[in-house]
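See below for the structure under consideration.
In my numbering, the protein residues as written are 14 to 299.
Here is the structure:
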């Protein structure tokens with residue numbers, strides 16, 4: 014039987030280095046801090062002018078872990094091989110890659126232009142592919158039994174109006190990750206996705222709609238009754254990043270509060286819950 018200490022040790026990332034994209038805020042910051050809490054050093058990547066990456070680095074360093082920060086526009090895919098080579102030379106072998114950076118635009122199908130389509134695909138698909146390609150080449154060369162974790166969305170599994178390009182990009186990232194899982198398995202590298210539902214992150218506030226009304230309506234669709242906080246997704250990430258998830262590959266973990274489990278929001282129309290225990294004679298328990 015495994016001891017409690019051994020169970021905890023399975024999640025220990027001491028001596029490993031993780032690269033997290035989109036690390037300046039939101040989920041990226043939560044993931045970086047969570048990995049640091051588990052013992053990992055962090056390579057933090059965001060846009061060159063991104064505010065907040067220094068704050069993320071400070072939080073990592075406060076935990077006694079090393080933090081390197083890089084400004085890199087991931088949409089410039091022709092630069093990603095050289096960028097990854099630089100990171101490897103300056104930070105040492107990479108053990109964990111978290112493809113977290115993403116972008117979206119709220120546009121109906123008839124409003125999407127070639128430019129807006131390409132902008133979403135470059136970050137959500139092209140950058141994921143080419144960064145993962147080079148990082149895993151280094152993992153193989155370094156003999157690292159690495160972990161690739163791509164942050165997709167429930168939108169990889171079910172469509173949402175106004176987000177055709179985003180929906181398609183996340184579905185593509187899911188199948189790319191499954192392909193990595195198969196091709197990289199002989200090298201001991203796992204590849205999985207983490208698919209959040211609605212999370213309280215800054216990207217939601219950038220959409221031009223009545224957010225208060227939307228959130229009120231959407232919360233009624235969430236069985237757990239509220240949006241996730243970024244920290245709510247960290248446990249799943251640590252499972253996939255650590256030895257605890259060493260035999261998990263080609264999989265997805267959905268962290269959505271139960272939305273995809275509920276095809277029809279019937280609960281609001283049902284009578285109040287009745288506990289069958291209250292109708293029994295409980296005198297034998299007194």
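Glycine included, each C-beta is placed from N, C-alpha and C at the ideal position.
Distance check between residue 199 and each of 173, 166, 224, 156 places 156 closest, using alpha-carbon atoms only. In the DSSP assignment, residue 265 is bridged to 206.
One Cα belongs to residue 148, the other to residue 72, and the distance between them is close to 25 Å.
For residue 54, the secondary structure class from DSSP, reduced to helix, strand or coil, is strand. Nearest C-alpha to residue 264 among 274, 106, 207, 285: 207. Nearest to residue 272 by alpha-carbon distance, out of 170, 116, 87, 283, is 170. Residue pairing for residue 30: DSSP places it in a beta bridge opposite 54. DSSP lists 58 as the beta-bridge partner residues of residue 83. Cβ contact annotation for residue 105 (same chain, cutoff 8 Å, sequence separation greater than five): 30, in chain order. Spatial neighbours of residue 261 in its own chain (CB-CB distance under 8 Å, excluding positions within 5 residues in sequence) are listed in chain order as 203, 205, 252, 253.
For residue 112, the enclosing beta strand (DSSP E) covers residues 109-112. In this structure residue 70 does not touch residue 109 by the C-beta definition: roughly 17 Å separates them, more than the 8 Å allowed.
DSSP, read as helix, strand or coil, puts residue 120 in strand. Pairing residue 235 with residue 245, the inter-Cα distance amounts to about 15 Å. No residue range can be given for residue 157, since it is assigned to no alpha helix (DSSP H) and is classified by DSSP as neither H nor E.
Each residue's CA atom was taken as its position, placing residue 268 and residue 175 some 22 Å apart.
Between the segment 88-97 and the segment 132-143 there are three or more C-beta pairs closer than 8 Å, enough to call the two in contact. In this structure, 130 is the residue among 130, 167, 113 with its C-alpha nearest to the C-alpha of residue 120. A check of alpha carbon separations from residue 34 across 82, 78, 259 identifies 82 as the nearest.
Rounded to whole angstroms, the separation of the alpha carbons of residue 67 and residue 153 is 31 Å. The continuous alpha helix (DSSP H) containing residue 253 extends over residues 247-254. Here the C-alpha atom of residue 239 lies approximately 34 Å from the C-alpha atom of residue 192. Looking at the backbone, the Cα of residue 99 and that of residue 144 are separated by about 13 Å. Taking the Cα of residue 180 as reference, the smallest distance to any Cα among 22, 168, 187 is reached at 168.
Apart from the 5 residues on each side of it in sequence, residue 135 sits with its Cβ closer than 6 Å to the Cβ of 88 in its chain, given in chain order.
Taking C-alpha positions only, residue 266 is separated from residue 190 by approximately 13 Å.
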